[in-house]
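Peer 1: Position 289 of the sequence shown, counted from 1, bears residue number 506 in the working numbering, the numbering being contiguous throughout. Here it is, the structure in full.
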Amino acid sequence: MIPRLPFVEEFHTFRMNTLTIPLCDDFHVHVRQDDMMKAVVPYLAAGGMSRVLVMPNTTPPITSTAQALAYKEELEAVDPNITYLMTMYLHPDITVEEVHKAADAGIVGIKSYPRGVTTNSDAGIEDYSLYYPLFEAMQERGLVLELHGEIPSDHERDICVLNAEEYFLSHLKQLYTDFPYLRIVLEHITTAAAVAAIREAPETVGATVTAHHLELTVDDWAGQNHNFCKPVAKYPHDRAALREIVAEGHPRVFLGSDSAPHPRNAKEAACGCAGVFTSPLLAAYVADTLESLGCLDRMRSFACEFGADFYGLPRNEGTLTLSKQTCTVPASYGDVVPFRASQKLSWSLCPHS
Ligand SMILES: [Zn+2]
218 MIPRLPFVEE FHTFRMNTLT IPLCDDFHVH VRQDDMMKAV VPYLAAGGMS RVLVMPNTTP
278 PITSTAQALA YKEELEAVDP NITYLMTMYL HPDITVEEVH KAADAGIVGI KSYPRGVTTN
338 SDAGIEDYSL YYPLFEAMQE RGLVLELHGE IPSDHERDIC VLNAEEYFLS HLKQLYTDFP
398 YLRIVLEHIT TAAAVAAIRE APETVGATVT AHHLELTVDD WAGQNHNFCK PVAKYPHDRA
458 ALREIVAEGH PRVFLGSDSA PHPRNAKEAA CGCAGVFTSP LLAAYVADTL ESLGCLDRMR
518 SFACEFGADF YGLPRNEGTL TLSKQTCTVP ASYGDVVPFR ASQKLSWSLC PHS
């Protein structure tokens, strides 16, 4: 009988059962205001993030450098160890001078919302031509244009939440054709059509993918309020296209969680708010999904490298270790129900080193 070699075996087991990567970037997160902000910001680090791109759809929306910097200060007061990349909300109030001011102050981007399609988007855009002088200045100063890529529903034209993203893609093409040096991110892509558009787009165009859109289809949110988000998850073939572009390690496709907390009563209402909350376990959700897709080896590039490279930022220092240990997602975090509540994930987050 061959004697057992416990040390070697245990060492091997240990190696196979942990995953150590740099601390992650979340290039699209909603951290809200006031009490909700204080409640959710600490979960960014808990979820394995070191740097986050903060969405500007506050009340009122962030439309000036001064507002963005004031918001950043509030966030830093809650957790100073996270790097907050600030954005402004594309709005007629923003002038070319304000774009230069924002660039001087280190604001990294401007987010475009189509009017009325998601939380606090009543001030969103209807026509991009109005903003061409701003895009010119953004292009000159290196600010990134982040696009919520949906057009408003229009039943006369057979446009609804299921094809709103696909109908937006001609606008994306127009923008990158007219501004060949402007970096543009198509946020939270959900369709095979968007995946194809990113593949054919130039190097200046990237896309974020959420943890939840890699898991959900229409069947998962129709009648299940806590999975309801905008853009809505689409068909199985759309999810398959998202999974494929992430699994192949496309260098312009990276993690942006779109984690968007709402109190339980706003989600479970007759007219439930759109948004899925993933911040507290973000890296664990992504690891669980990528492993199930057979591409856990893409975790590092998808969550830690490609986004930083696209934004022209240094990659994060510090490491995050995940362990191959089943964890159960809490039923709630305070008043907020997380994604996959009470379900099991195959990876757990360990304290940062
Ligand atoms: Zn969002």
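Glycine included, C-beta positions come from ideal geometry on N, C-alpha and C.
Over the uninterrupted beta strand (DSSP E) stretch that includes Glu363, give me the two end residues.
Peer 2: Working through the sequence shown from its first residue, we reach residue 363 at position 146. Start and end: Val361 to Leu364.
Peer 1: By alpha-carbon positions, which one of Phe352, Asp344 and Asp321 ends up nearest to Ile327?
Peer 2: If you number the sequence shown from 1, residue 327 lands on position 110. Ile327 has its Cα closest to that of Phe352, out of Phe352, Asp344 and Asp321.
Peer 1: Shorter than 8 Å, the distance from the beta carbon of Met272 to the closest heavy atom of ligand 1, or not?
Peer 2: Looking up residue 272 in the sequence shown gives position 55. Result yes, Cβ under 8 Å from ligand 1.
Peer 1: Use the C-beta contact count for Leu347: other C-beta atoms within 10 angstroms, 16 or more gives buried, fewer gives exposed.
Peer 2: The residue you call residue 347 lines up with position 130 of the sequence shown. Exposed, by the Cβ-count rule.
Peer 1: Let me know the secondary structure DSSP gives Leu566 once reduced to three states.
Peer 2: Reading the sequence shown from its first residue, position 349 is the one you call residue 566. Leu566: strand per DSSP, three-state reduction.
Peer 1: Secondary structure at Tyr260, three-state DSSP: helix, strand or coil?
Peer 2: As a working note, residue 260 is residue 43 in the sequence shown. Looking at Tyr260 - three-state DSSP - the assignment turns out to be helix.
Peer 1: Going by the beta-carbon positions, is the gap between Thr425 and Phe556 smaller than 9 Å?
Peer 2: Within the sequence shown, numbered from 1, the residue matching residue 425 stands at position 208. Within the sequence shown, numbered from 1, the residue matching residue 556 stands at position 339. Cβ atoms of Thr425 and Phe556: not closer than 9 Å.
Peer 1: Does the distance between the C-beta of Asp475 and the nearest non-hydrogen atom of ligand 1 fall short of 8 Å?
Peer 2: Numbered from 1 along the sequence shown, position 258 holds the residue referred to as residue 475. Because some heavy atom of ligand 1 lies under 8 Å away, the Cβ of Asp475 counts as near it: yes.
Peer 1: Would you say the beta carbon of Glu367 comes nearer than 8 Å to a heavy atom of ligand 1?
Peer 2: On the sequence shown, position 150 is the one that residue 367 refers to. No, the beta carbon of Glu367 sits no closer than 8 Å to any heavy atom of ligand 1.
Peer 1: Report all residues from its chain with a CB closer than 8 Å to the CB of Cys377; omit the five preceding and five following residues, and keep chain order.
Peer 2: On the sequence shown, position 160 is the one that residue 377 refers to. Ser370, listed in sequence order.
Peer 1: Please tell me whether Leu530 and Arg358 are closer than 9 Å, where the distance is taken between their beta carbons.
Peer 2: Along the sequence shown, read from residue 1 onward, the residue named residue 530 stands at position 313. Along the sequence shown, read from residue 1 onward, the residue named residue 358 stands at position 141. Contact flag unset, no.
Peer 1: Please determine whether the Cβ atom of Glu293 lies at a distance below 8 Å from any heavy atom of ligand 1.
Peer 2: By 1-based counting over the sequence shown, the position of residue 293 is 76. Every heavy atom of ligand 1 is 8 Å or more from the Cβ of Glu293, so no.
Peer 1: Is the beta carbon of His443 within less than 8 Å of some heavy atom of ligand 1?
Peer 2: The residue you call residue 443 lines up with position 226 of the sequence shown. No, Cβ of His443 sits at least 8 Å from all heavy atoms of ligand 1.
Peer 1: Could you tell me which whole beta strand (DSSP E) segments of length 3 or greater appear in the segment 254–308?
Peer 2: Runs found: 266–271, 300–302 and 304–306.
Peer 1: Just to confirm my understanding: we take Leu571, look at its own chain, exclude 5 residues before and 5 after, and list those with CB closer than 6 Å. What are they?
Peer 2: Examination of residue 571 is not possible in this model, given that the chain is present from 218 through 570 alone.
Peer 1: Going along the chain, which residues of its own chain have a beta-carbon closer than 7 Å to the beta-carbon of Ala322, five neighbours each way excluded?
Peer 2: As a position in the sequence shown, residue 322 is number 105, starting the count at 1. These residues qualify, in order along the chain: Thr282 and Leu286.
Peer 1: Buried or exposed: Asn444, going by 16 or more other Cβ atoms within 10 Å of its Cβ?
Peer 2: As a working note, residue 444 is residue 227 in the sequence shown. Counting Cβ neighbours within 10 Å, Asn444 comes out buried, since at least 16 surround it.
Peer 1: Does the beta-carbon of Thr545 have 16 or more other beta-carbons within 10 angstroms, so that it is buried, or is it exposed?
Peer 2: Here residue 545 refers to the residue found at position 328 when the sequence shown is read from its first residue. Exposed: under 16 other Cβ atoms inside 10 Å.
Peer 1: Whose C-alpha, out of Leu433, Ala458, Trp564 and Ala457, is nearest the C-alpha of Cys446?
Peer 2: Position 229 of the sequence shown, counted from the start, is the residue given in the question as residue 446. Cα-wise, what sits closest to Cys446 is Leu433.
Peer 1: Could you check if His388 belongs to the surroundings of ligand 1, using beta carbon to heavy atom distance under 8 Å?
Peer 2: Position 171 of the sequence shown, counted from the start, is the residue given in the question as residue 388. Incorrect: His388 has no Cβ contact closer than 8 Å to ligand 1.
Peer 1: Quick one: does the C-beta of His247 sit closer than 8 Å to a heavy atom of ligand 1?
Peer 2: Indexing the sequence shown from 1 puts residue 247 at position 30. Flag set: Cβ of His247 near ligand 1.
Peer 1: Which term fits Asn533, buried or exposed, when burial requires 16 or more other beta carbons within 10 angstroms of its beta carbon?
Peer 2: The residue given as residue 533 occupies position 316 in the sequence shown. Asn533 is buried by the Cβ-count criterion.
Peer 1: For Asp437, which residues from the same chain have a beta carbon less than 8 Å from its beta carbon, with the 5 sequence-adjacent residues on both sides left out?
Peer 2: Residue mapping note: residue 437 aligns to position 220 of the sequence shown, counting from 1. Here the set comprises Asn444 and Ala450.
Peer 1: Is there at least one non-hydrogen atom of ligand 3 closer than 8 Å to the beta-carbon of Gly529?
Peer 2: No copy of ligand 3 appears in this structure; the ligands present are ligand 1.
Peer 1: Would you grab the beta carbon distance between Met266 and Leu499 for me? Rounded to a whole angstrom, and I think it's under 8 Å.
Peer 2: Numbered from 1 along the sequence shown, position 49 holds the residue referred to as residue 266. Numbered from 1 along the sequence shown, position 282 holds the residue referred to as residue 499. Contact holds; Cβ gap of about 6 Å.
Peer 1: Could you give the residue range of the alpha helix (DSSP H) that holds Ala525?
Peer 2: Position 308 of the sequence shown, counted from the first residue, corresponds to residue 525. Here the alpha helix (DSSP H) through Ala525 covers Phe523 to Tyr528.
Peer 1: From Gly524, Asp526, Leu566 and Tyr528, pick the residue whose C-alpha is nearest to that of Thr543; which is it?
Peer 2: Translated into positions along the sequence shown, residue 543 becomes position 326. If we check each option's Cα against that of Thr543, Leu566 comes out closest.
Peer 1: What are the partner residues of Ile401, as DSSP defines its beta bridges?
Peer 2: As a first step, residue 401 is located in the sequence shown; it is residue number 184 there, counting from the start. Bridge partners of Ile401: Leu362 and Val422.
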